[in-house]
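Colleague: Got a structure for you, questions after.
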DNA sequence: ATAGGGTTAG
């Protein structure tokens with residue numbers, strides 16, 4: 001524990017040593033010393049007493065300064081340079097420190113070359129090569145790596161498991177997967193464990209090169225898989241956005257009886273969040289609690305994010321408040337979660353708490369608060385956060401921040417200002433910026449600025465499906481059907497596919513997927529009866545379908561019936577026929593909800609009410625392009641209530657349904673201690 | 001003393 005009172009530096013955090021310590025007692029003190037400051041004091045003492053000449057003492061001083069948590073490479077280098085004849089251990093230590101550093105991995109190679117030229121007593125040993133190879137992998141030095149491989153062979157260390165792993169990593173990082181595979185196949189491995197490690201390294205290499213299929217094939221072929229093999233696959237899938245695959249593999253892991261550990265849970269949670277698989281997320285949380293997996297700041301961040309994205313912001317807050325400690329990512333997850341749920345005031349309070357706690361906000365935290373302001377229409381406040389980010393915290397605004405600001409201004413109807421910002425940005429605007437501007441223009445019916453934004457969007461990013469759809473919808477909203485058909489024709493010619501609108505709902509642990517006008521579900525007939533009933537009730541209530549939401553040039557009656565079969569309405573119909581009153585329906589959608597669905601669903605939720613209303617969560621919109629859903633809902637956000645609470649999570653990308661059995665069932669296990677439903 | 005897996009984001 002180190003406490004800074006401000007003026008005086010902390011004293012030694014270890015008992016003061018005897019006047020002339022023995023080399024061994026100095027070494028043990030160094031091992032005890034947790035801060036760099038303590039190391040420096042002991043270093044000074046070693047010089048004063050002449051103990052620094054002892055190679056073991058000097059080596060330990062070097063080790064403590066570069067390999068502790070608060071490592072200082074420059075200091076370590078100066079210690080090293082003071083050694084008249086560093087021993088092998090010291091060379092290895094500094095090489096490793098450089099190899100694992102972010103700033104100067106190439107220094108590891110330089111140092112290694114220097115070592116080869118130095119006195120004959122300190123030639124490299126087994127411990128030298130892993131670090132040197134790691135450095136080669138890091139800077140993609142294939143030439144040097146291959147030479148070092150030759151040296152390894154010559155010295156007879158080709159069967160060393162540690163060296164092999166790093167050779168494989170070196171080849172795969174440099175893009176030579178064939179060499180990496182050959183090396184693994186031809187190696188005489190000491191044991192099965194080493195083989196697992198090598199295969200895991202290969203899989204990692206495939207993923208890095210984007211060869212996902214090959215990675216999976218290798219994984220499936222592996223005879224022995226460790227938890228790390230599973231975790232690696234799950235985390236990589238999640239990192240590249242293959243959330244469905246990540247979850248499916250996690251389930252397979254359950255089925256095969258492989259135990260989860262801390263890293264498994266941390267790796268799968270982002271995938272769960274993105275798929276909005278709340279029940280599975282709850283299962284993960286319960287699993288951690290039951291199996292004494294500590295919910296620390298890291299797992300906590302993932303859980304807070306999961307609960308926010310899956311619609312349970314109160315649970316997210318509860319988890320957040322119970323964490324033993326908070327780091328910038330924890331704060332970030334909480335602030336973004338609150339922003340996502342339109343709880344701007346709480347997001348701001350959270351930000352202030354963070355600052356009070358002395359945590360320096362990262363640029364990602366600012367994405368969260370700016371988002372919160374955007375949701376709540378707090379224009380001035382958003383601007384002031386933006387200025388504070390730049391002027392007080394010295395953070396350079398990135399595309400993300402400009403995106404937030406364009407959203408903020410655009411949604412508030414300040415389109416001139418939004419356009420001005422786009423033109424004056426210090427970074428080149430990308431498609432997301434133009435899309436934000438254009439959709440604001442569409443929202444506010446600003447033709448002039450909208451046309452300019454559309455033109456820019458077309459010039460720069462014409463091959464993107466999202467942009468084309470937005471353009472088409474923009475011109476449709478102007479009634480310019482000529483341009484609409486031009487855009488559609490262009491999409492056809494360039495073979496650009498629009499993401500199909502798609503909604504999911506989880507019922508009894510199973511995810512059901514619906515597309516527009518879907519009649520593929522086994523219960524389709526019943527669903528369509530319910531849809532008809534919904535339409536009748538809407539009609540009785542005097543509801544007039546908002547046909548301006550249909551961006552096709554067709555007759556009015558046709559437009560009305562198209563609206564009825566939007567995927568979210570089908571998902572709700574299915575939810576209504578398959579759950580009891582009092583059940584919250586969570587509908588997940590990949591694209592933005594249309595205005596008609598938005599308002600008619602609110603009415604439907606009222607009909608579905610069978611007991612006195614309770615406050616409900618509505619319209620969660622975690623992505624930028626659907627923020628307007630939240631703004632449009634603002635007036636009803638708090639007054640709206642229903643037992644069948646319908647909350648929407650809207651995402652950008654398209655996911656297919658996961659054919660899943662009920663969560664956590666398999667091998668006689670039950671879901672959260674309850675008997676699983678069939 | 002040395003290999004393989006981890007949280008936030010328009």
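In the working numbering, the protein residues as written are 1 to 678. Even glycine gets a Cβ: it sits at the ideal position worked out from N, Cα and C.
Could you check how far apart the C-beta atoms of residue 560 and residue 547 are, in whole angstroms? I think they sit under 8 angstroms.
Modeller: The pair is a contact, with the Cβ atoms about 6 angstroms apart (cut-off 8 angstroms).
Colleague: Hey, could you find the ends of the beta strand (DSSP E) residue 507 is sitting in?
Modeller: Looking at the DSSP string, the run of the beta strand (DSSP E) that includes residue 507 is 502–507.
Colleague: Helix or strand or just coil, what does DSSP make of residue 329?
Modeller: The answer is helix: DSSP assigns residue 329 an H, G or I state.
Colleague: Here's the rule I'm using: 16 or more other beta-carbon atoms within 10 Å means buried, otherwise exposed. How should residue 334 be labelled?
Modeller: The residue is buried, with at least 16 neighbouring Cβ atoms inside 10 Å.
Colleague: Should residue 247 be labelled buried (16 or more other beta-carbon atoms within 10 Å of its own) or exposed?
Modeller: Buried is the call here.
Colleague: Do residue 118 and residue 95 have their C-beta atoms within less than 9 angstroms of each other?
Modeller: Not closer than 9 angstroms, so no.
Colleague: Between which two residues does the beta strand (DSSP E) carrying residue 586 extend?
Modeller: Counting along the chain, the beta strand (DSSP E) containing residue 586 begins and ends at 585–589.
Colleague: Please check the pair residue 505 and residue 571, which I expect to be a contact at CB under 8 angstroms, by giving their CB distance rounded to whole angstroms.
Modeller: Rounded, the Cβ-Cβ distance is 4 angstroms, consistent with contact.
Colleague: By Cβ distance below 8 angstroms, which residues in the same chain neighbour residue 556 in space, the five residues on each side in sequence not counted?
Modeller: These residues qualify, in order along the chain: 547.
Colleague: State the beta-bridge partners of residue 206 as determined by DSSP.
Modeller: Answer by DSSP bridge pairing: none, since residue 206 is not bridged.
Colleague: With H, G and I counted as helix, E and B as strand and the rest as coil, what does DSSP make of residue 514?
Modeller: Looking at residue 514 - three-state DSSP - the assignment turns out to be strand.
Colleague: Using DSSP with H/G/I as helix, E/B as strand and the rest coil, what is residue 87?
Modeller: DSSP places residue 87 in coil when its eight states are reduced to three.
Colleague: Just the Cα atoms here: how many angstroms apart are residue 243 and residue 214?
Modeller: Using only the alpha carbons, I get a separation of about 18 angstroms.
Colleague: Give the range of the alpha helix (DSSP H) segment to which residue 251 is assigned.
Modeller: From DSSP, the alpha helix (DSSP H) with residue 251 extends over 243–255.
Colleague: Report the three-state DSSP secondary structure of residue 141 (helix, strand or coil).
Modeller: Here residue 141 sits in coil by DSSP.
Colleague: Going by C-alpha distance, which of 92, 126 and 102 is nearest residue 111?
Modeller: Per the Cα distances, 92.
Colleague: Below 8 angstroms on the Cβ atoms is my contact criterion, and I expect residue 497 with residue 465 to pass it. Report the Cβ-Cβ distance as a whole number of Å.
Modeller: That belief holds up - the Cβ atoms of residue 497 and residue 465 are roughly 6 angstroms apart, short of 8 angstroms.
Colleague: Mind reading off the beta-carbon distance from residue 187 to residue 159? Whole number of angstroms is fine, and I expect it under 8 angstroms.
Modeller: Between residue 159 and residue 187 the Cβ distance is about 7 angstroms, and since that is below 8 angstroms, they are a contact.
Colleague: Is any non-hydrogen atom of the ligand GTP found closer than 8 angstroms to the C-beta of residue 50, if you look at the structure I gave you?
Modeller: The ligand GTP is not part of the structure shown, which contains no ligands of any sort.
Colleague: Buried or exposed for residue 272, going by 16 or more other Cβ atoms inside 10 Å?
Modeller: Buried, because 16 or more other Cβ atoms sit within 10 Å of the Cβ of residue 272.
Colleague: Excluding the 5 residues flanking residue 406 on each side, which residues of the same chain have their C-beta closer than 7 angstroms to its C-beta?
Modeller: For residue 406, where only same-chain residues beyond five positions count, the Cβ hits under 7 angstroms are 418, 421, 422, 433, 436 and 437.
Colleague: Does the separation of the CB atoms of residue 40 and residue 75 fall below 9 angstroms?
Modeller: Yes, these two residues count as a Cβ contact at 9 angstroms.
Colleague: Please report how far the alpha carbon of residue 481 lies from the alpha carbon of residue 490, in whole angstroms.
Modeller: Distance between the alpha carbons of residue 481 and residue 490: 14 angstroms.
Colleague: Just to confirm my understanding: we take residue 145, look at its own chain, exclude 5 residues before and 5 after, and list those with CB closer than 6 angstroms. What are they?
Modeller: Contacts found: 136 and 170.
Colleague: To the nearest angstrom, report how far apart residue 122 and residue 81 are at their CA atoms.
Modeller: Roughly 15 angstroms between the two C-alpha positions.
Colleague: Measure the CB-CB distance between residue 43 and residue 66 and report whether it falls below 9 angstroms.
Modeller: No, Cβ-Cβ distance for residue 43 and residue 66 is not below 9 angstroms.
Colleague: Figure out for me which residue from 338, 331 and 306 has the closest Cα to the Cα of residue 359.
Modeller: Taking only the C-alpha atoms, the option nearest residue 359 is 331.
Colleague: At 4 residues or longer, what runs of the alpha helix (DSSP H) sit wholly inside the segment 350–395?
Modeller: Qualifying alpha helix (DSSP H) stretches, in chain order: 363–376 and 379–391.
Colleague: Using the Cα positions of residue 305 and residue 337, report the straight-line distance between them to the nearest angstrom.
Modeller: Each residue's Cα considered, the two are about 7 angstroms apart.
Colleague: In the DSSP assignment, find the unbroken alpha helix (DSSP H) run with residue 190 in it and report its ends.
Modeller: It is not in any alpha helix (DSSP H) - residue 190 carries neither H nor E in the DSSP assignment.
Colleague: Return the CA-CA distance between residue 562 and residue 580, expressed in angstroms with no decimal places.
Modeller: Cα to Cα, the separation comes out at about 28 angstroms.
Colleague: Within 10 Å of its beta-carbon, does residue 539 have 16 or more other beta-carbons around it, so buried, or fewer, so exposed?
Modeller: Result: exposed.
Colleague: Where does residue 485 land, buried or exposed, given buried means 16+ other C-beta within 10 angstroms?
Modeller: Per the 10 Å Cβ criterion, exposed.
Colleague: Out of curiosity, what's the CA-to-CA distance linking residue 58 and residue 114?
Modeller: Between residue 58 and residue 114, the C-alpha separation is close to 19 angstroms.
Colleague: Decide if residue 638 is buried, meaning its Cβ has at least 16 other Cβ atoms within 10 Å, or exposed.
Modeller: Note that residue 638 scores 24 on pLDDT, short of 50, meaning its location in the model is unreliable and no value can be drawn from it.
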